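Q:
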Amino acid sequence: MLEQAITVRLAPPIIAKLKRAAELTYRSVDEVLANTIDATLIAPAGLPDDLAGELAAMRLLSDRALQATTHPSLAPAQQHRLQQLNHTAGERTLTPTEAAEQTALLAAYHRSVLRRAQALAILAERGYPVRPARFGAVPTDDETDDSEVAA
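And the structure:
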């Protein structure tokens, strides 16, 4: 693999941490930094490339952006339609059009759940308290403040 040099501006405390890690591991600062970036951007296995990349890149988001990601991304109308289709599927066989719509909505729902779970995991790693809430429920303003995130 061809390597490319880039210039990165880092705060002195970060540079000190990198130098210390390099000394402790008998590696260069370049190698420590490259390995740290590579490890941070690891995408979960078994997912489509676009989703895996999106989940890996979430580690670069600000805390506020991650908190926003903890809310369901499936619109209420989509949630309602998925419930309708699931109910209908329990009563009769879905038409090919309905089945395709259900499949697409389920994929969007699963993507939303994965994004929310990833955001909550990263926030927990960053020291934010994560408390359980009803699955799929959107916390009200009274239930969530900027320092606490509902799962």
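Take the position in the sequence shown, starting the count at 1, then add 7; the result is the number in the working numbering. By construction, the Cβ of each residue, glycine as well, lies at the ideal position given by its N, Cα and C atoms. These numbers come from a predicted model, not from an experiment.
(1) My assumption, with CB atoms under 8 Å, is that alanine 115 sits in contact with leucine 81. Please give the rounded CB distance.
(2) Let me check understanding here. Comparing Cα to Cα, which of Val39, Pro20 and Ile21 lies closest to alanine 29?
(3) Consult DSSP for arginine 182 and reduce its assignment to one of helix, strand or coil.
(4) How long is the line joining the alpha carbons of glutamate 62 and isoleucine 129, rounded to whole angstroms?
(5) Check for me: the alpha helix (DSSP H) holding glutamate 108 runs from which residue to which?
(6) Expressed to the nearest angstrom, what Euclidean distance is found between the alpha-carbon atoms of leucine 58 and threonine 76?
(7) Indicate whether methionine 65 and glutamine 125 have their beta-carbon atoms separated by less than 8 Å.
(8) Under 8 Å by Cβ, that's how I've got glutamine 109 and leucine 101 pegged, so tell me the actual separation to the nearest angstrom.
(9) Quick check on arginine 27: does DSSP put it in helix, strand or coil?
(10) If you draw a straight line from the alpha carbon of alanine 18 to that of arginine 88, how long is it in whole angstroms?
(11) For a quick check, are the C-beta atoms of arginine 123 and proline 79 less than 8 Å apart?
(12) Indicate the three-state DSSP secondary structure (helix, strand or coil) for arginine 138 in the structure shown.
(13) Just to confirm the assignment, what range does the alpha helix (DSSP H) spanning threonine 98 have?
(14) Using alpha carbons as the reference points, say which of Leu121, Gly134 and Tyr135 lies closest to alanine 52.
A: Once the coordinates are examined:
(1) On the sequence shown, position 108 is the one that residue 115 refers to. On the sequence shown, position 74 is the one that residue 81 refers to. Rounded, the Cβ-Cβ distance is 6 Å, consistent with contact.
(2) If you number the sequence shown from 1, residue 29 lands on position 22. Of the candidates Val39, Pro20 and Ile21, the one whose C-alpha sits nearest the C-alpha of alanine 29 is Val39.
(3) What is shown of the chain runs 8 to 158, which leaves residue 182 out entirely.
(4) Working through the sequence shown from its first residue, we reach residue 62 at position 55. Working through the sequence shown from its first residue, we reach residue 129 at position 122. Looking at the sequence provided, one finds leucine at residue 62 rather than glutamate. Leucine 62 and isoleucine 129: Cα-Cα distance of roughly 10 Å.
(5) Taking the first residue of the sequence shown as 1, we reach residue 108 at position 101. 103-132 is the extent of the alpha helix (DSSP H) around glutamate 108.
(6) What you label residue 58 is simply residue 51 of the sequence shown in a count that begins at 1. What you label residue 76 is simply residue 69 of the sequence shown in a count that begins at 1. Rounded to the nearest angstrom, the two C-alpha atoms are 14 Å apart.
(7) Translated into the one-based positions of the sequence shown, residue 65 becomes position 58. Translated into the one-based positions of the sequence shown, residue 125 becomes position 118. For methionine 65 and glutamine 125, yes; Cβs fall inside 8 Å.
(8) The residue labelled residue 109 in the question sits at position 102 within the sequence shown. The residue labelled residue 101 in the question sits at position 94 within the sequence shown. The Cβ separation is near 6 Å, so the contact holds.
(9) For this step, residue 27 is matched to residue 20 along the sequence shown. Here arginine 27 sits in helix by DSSP.
(10) The sequence position of residue 18 within the sequence shown is 11, counting from 1. The sequence position of residue 88 within the sequence shown is 81, counting from 1. Near 49 Å, if we compare the C-alpha coordinates of arginine 88 and alanine 18.
(11) Here residue 123 is taken as the residue at index 116 of the sequence shown, counted from 1. Here residue 79 is taken as the residue at index 72 of the sequence shown, counted from 1. Yes, Cβ-Cβ distance for arginine 123 and proline 79 is below 8 Å.
(12) One-based indexing of the sequence shown puts residue 138 at position 131. Here arginine 138 sits in strand by DSSP.
(13) The count along the sequence shown starts at 1 and reaches residue 98 at position 91. In the sequence under discussion, the amino acid at residue 98 is glutamate, which differs from the threonine named in the question. First-last of the alpha helix (DSSP H) with glutamate 98: 83-98.
(14) On the sequence shown, residue 52 is found 45 positions in, with the first residue counted as 1. Among Leu121, Gly134 and Tyr135, the Cα nearest to that of alanine 52 belongs to Leu121.
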